[in-house]
Structures are given as structure tokens and as C-alpha cells.
Amino acid sequence: MEWALLPHDSMSRVSQRLRMAVIGQGHFAQAAVLPAIEQLDDVELTALVSGSDHKLDELGQRYGVTTLADYGQLDELFSSNKVDACYIAVPNDLHAQMTLIAARHGIHVICEKPMAPTEAECMQMIRACEQRRVKLMIAYRLHFETANLVAVEIARGGEIGEPRIFSSVFSMQVRDGNVRVQPRRGSGPVYDIGVYCVNAARYLFRSEPLEVSALKLAGNDHRFSAVDEAFAVTLRFADERVAQFTCSFGAHDRASYQVVGTDGYLTLDNAYGYATDMRLHVEGQHGVKTRTFSKHDQIAAEIEYFARCIREDKTPEPSGWEGLADVRILQAIYQSARFGRSVPIEPIPVRHRPDLGQEIRVAPHEVPPLVDVEQPTK
Numbered sequence: 038m039e040w041a042l043l044p045h046d047s048m049s050r051v052s053q054r055l056r057m058a059v060i061g062q063g064h065f066a067q068a069a070v071l072p073a074i075e076q077l078d079d080v081e082l083t084a085l086v087s088g089s090d091h092k093l094d095e096l097g098q099r100y101g102v103t104t105l106a107d108y109g110q111l112d113e114l115f116s117s118n119k120v121d122a123c124y125i126a127v128p129n130d131l132h133a134q135m136t137l138i139a140a141r142h143g144i145h146v147i148c149e150k151p152m153a154p155t156e157a158e159c160m161q162m163i164r165a166c167e168q169r170r171v172k173l174m175i176a177y178r179l180h181f182e183t184a185n186l187v188a189v190e191i192a193r194g195g196e197i198g199e200p201r202i203f204s205s206v207f208s209m210q211v212r213d214g215n216v217r218v219q220p221r222r223g224s225g226p227v228y229d230i231g232v233y234c235v236n237a238a239r240y241l242f243r244s245e246p247l248e249v250s251a252l253k254l255a256g257n258d259h260r261f262s263a264v265d266e267a268f269a270v271t272l273r274f275a276d277e278r279v280a281q282f283t284c285s286f287g288a289h290d291r292a293s294y295q296v297v298g299t300d301g302y303l304t305l306d307n308a309y310g311y312a313t314d315m316r317l318h319v320e321g322q323h324g325v326k327t328r329t330f331s332k333h334d335q336i337a338a339e340i341e342y343f344a345r346c347i348r349e350d351k352t353p354e355p356s357g358w359e360g361l362a363d364v365r366i367l368q369a370i371y372q373s374a375r376f377g378r379s380v381p382i383e384p385i386p387v388r389h390r391p392d393l394g395q396e397i398r399v400a401p402h403e404v405p406p407l408v409d410v411e412q413p414t415k
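Per this note's numbering: the sequence shown = residues 38 to 415.
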């Protein structure tokens, strides 16, 4: 299979398989990203980046990767002609820095969500990738996941009438000391898991919110001395539709949403997970039905889609603009909670939204032994 040769200023390489580096070797990278790449025929894992020599040695041996680098060696790595694209799986406040380095060397980028802590950083990432003509995709894996895409089709197809209300809970018990509760930009429940609720409301309503009201919640748990424990958020959309969600680092595991329409409703359980089955329940104009969707490798699916975009020279649907739209809303949530009032949101025009045409299913993989990381939740 030949890879499309982009114009010279993109510095894109041509190879039989897309050669990918994974930047960051935390829990998610080890449990999900590395084994996902191993599943794909058209993508090859060629480089690993970490600040831990032990992780690099162990994971390099396991995956047969000999190109190993620390974070200070990215310029050298990206100029070595051994990498075509990278998957950025580092803490949120490092996303922009890593993306800018990759773009400078003509390396295509999948960046984990949220895209960055601020709108300004998101715009830097978008402009840098546009200037170097490299692909930038934000890792919204649910944009390729069957259960969520079926929910999208039901919501837009009239089976539950006109969607009016979205409600969601995404909660977990985060371990003390995990990066999610460390005092760094882009940490805390809104950026880490609230972004899923915001994005789901947007793709189910197929619209952008106009106003937000938010309340931050804090108990006396020592885990949350540096970040907030939870947020309760209300988003007002056009036509007086409303989305409400609660995201928490201090409550029992829960990840579900419900869309109530004028003639019915749908509920998706385990809606945001990547390692569990999902259950969709619908009561609408065609009666009552429940369907279980078996788990599959969502990360392999999104990487496969990204590889197709490079091969066919297409802009990924969850582009940098999609990431920017969410970050604008996340920042407005914090502003509302801080000042105790509703905050207007200037919508970012979104040209494309996910639909069933993007569905990709890859068989699930077994989680391999992990090196120097622990499960982020209790």
C-alpha cells in the first residue's frame, strides 16, 4: 500500500506502512495505544518516547522497537526519517509543545484530548500544522465507536422526536497522587472527563452551546487539595435545548448519558469507556428496544482512520477545530464556576460531525503487563 506524497513543505515521508512514534508511556499508552498499533497492518510502531529509561528498555524489547528517545530528543527523533506520525499521550499541559515540535519536522499528529489547556495553545497547534501541511487529529475515539454512532443516528433520525434534553454522569474514584489530581494546567475533572460529556452533547445535538452555567464541588478529601473534586454543568443550546452533566473524581465509577426527545428517549450505559461493552436502550416511535454492543479496540479504530486520512490526503473529522471548540467550552465552564454566573459562548463553526459512515471496528486486544504504572482509579 502506497502512502500519498504531500507537497514538499510538509516534509512527509513515504513508506509502505505508516511509521508511528508514541510520545508518553503512561497507563493509557501502555494499556491501549501500544497494543492497538500492533493490531494494524498499515501502521508500524517505530519509536517510543518517555522520560523513563526503564520503561523505554522494557517496552522497546516487548514491541521490538529500537528507536528510543526521551522528551529532550524529539528534534533528533523527528529528523531521523524513522517516523511519519506520532501519537501524543502526555499530560494535557504538554500537548501544544509536543505538537509544535512534530509539526516543525513535518510529522503528522494524533493528540489526546483535551487538545490543550487554553484556546491560544489550540490555535498555535492548528496554525503550525496547517503551515507545515501535516494532519492534526484530536483523539476522539468515540467518533468511530458503534454504540455512540448508533445513538447519533437515532437522535438525528426522528425516532425519539426532536432531541430536547441531554444529561450525563461521568465519575470515578481517582487514586491519590495520580497525574489527574496534580497541580498542573489542564488537570482536574472538567478537562479529563468533562470533555467527554461536552463532546457527546455536541455530537448528539449536532450543534454548539451558546451559554454555560457551572458549579464546582469540593469536599474535604485530601486528594483534591490541588484540583476540584467535581463540577455540575448546564449548557444552553439553540432552540432552548439543554445539556446537563456532572463529572467527578470522587464518586463511584459511572459513565452514561441520556437524550430525551419530544417522542421518546435513549440511554447509553458505559458510554465513554474503551474497555467495556455498552448498552443502548431506546423507547420511541418504533417501540422499546435494548441492544448490547460488545467492546472493540477503539484506539486501533481511530489510528486506522487517521492512517486513511494521511493516505488519502483528507482532513480528519475530529480536527484541531473540533478540539478547539471543546476547549473554548471547558474554559467557559471554569469562568462560570469562578464568578458564579452564566457565561456566553461564541460558537466555533464546525463543518463536519461524526456519523455511522465513520464506524470502524477492530477486535479487542488483551491488556499487556504494564511497566512502572498503576491503574489511575481505585
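We treat Cβ as the ideally placed atom computed from N, Cα and C, and that holds for glycine. Please read these numbers as outputs of a predicted model, since none were measured by experiment.
One Cα belongs to A374, the other to S250, and the distance between them is close to 7 Å. Bounds of the beta strand (DSSP E) holding H318 are M315 to G321. Contact between the segment 272-282 and the segment 188-207 is present: 3 or more CB-CB pairs across the two stretches fall below 8 Å. By alpha-carbon distance to R378, the top candidate from K253, F207 and K92 is K253.
An exposed status is given to E411, since fewer than 16 other beta-carbon atoms sit within 10 Å of its beta-carbon. Checking the DSSP bridge columns, you'll see I175 partnered with C148. Per DSSP, reduced to three states, the secondary structure at Y302 is strand. The straight-line gap separating the alpha-carbon atoms of L85 and D314 is approximately 30 Å. At a Cβ-Cβ threshold of 8 Å, K150 and G357 do not count as neighbours.
Under the 8 Å Cβ criterion, the segment 186-196 does not count as touching the segment 208-225, having fewer than three qualifying pairs. Spanning the alpha carbons of S293 and V270 requires a straight line of approximately 15 Å. The three-state reading of DSSP puts A255 in coil, since its state is none of H, G, I, E or B. Secondary structure of E383 (DSSP, three-state): coil. Look at Y240 here: in three-state DSSP terms it is helix.
With a beta-carbon spacing of about 11 Å, L407 and A69 fall beyond the 8 Å limit used to define contacts. When the beta-carbon positions are compared, L131 and V102 stay at least 8 Å from each other. Under the Cβ criterion (8 Å, minimum of three pairs), the segment 126-144 counts as touching the segment 57-67.
K172 counts as buried, since no fewer than 16 other beta carbons sit within 10 angstroms of its beta carbon.
Contact annotation: the segment 306-323 does not touch the segment 156-163, with fewer than three C-beta pairs closer than 8 Å. Closest in alpha carbon position to S262, among P381, T352, P220 and P391, is P220. Contact check for P391 against Y240 passes: the beta carbons are separated by less than 8 Å. Around R328, the same chain offers L317 as residues with beta carbons nearer than 6 Å, after the five sequence neighbours per side are excluded. The C-alpha of D79 is placed about 8 Å away from the C-alpha of Q53.
Looking at the backbone, the Cα of R169 and that of V235 are separated by about 30 Å. The segment 96-162 contains, as complete beta strand (DSSP E) runs of 3+ residues, the segments 104-106, 122-125 and 145-148 (chain order).
The continuous beta strand (DSSP E) containing Q281 extends over residues R278 to S285. Excluding five sequence positions before and after H145, the CB atoms of its chain that fall closer than 7 Å to its own CB belong to D121, A122, V171, K172 and I347, given in chain order. Taking the C-beta atoms as reference points, L367 is found no nearer than 8 Å to Y177. A direct Cα-to-Cα measurement between T414 and T352 gives close to 35 Å. In the structure shown, D350 adopts coil according to DSSP, grouped into three states. Per DSSP, reduced to three states, the secondary structure at L272 is strand.
Short of 7 Å from the beta carbon of S244, and not among the five residues preceding or following it, lie these beta carbons of its own chain, in chain order: F274 and A275. The three-state secondary structure of R291, taken from DSSP, is strand.
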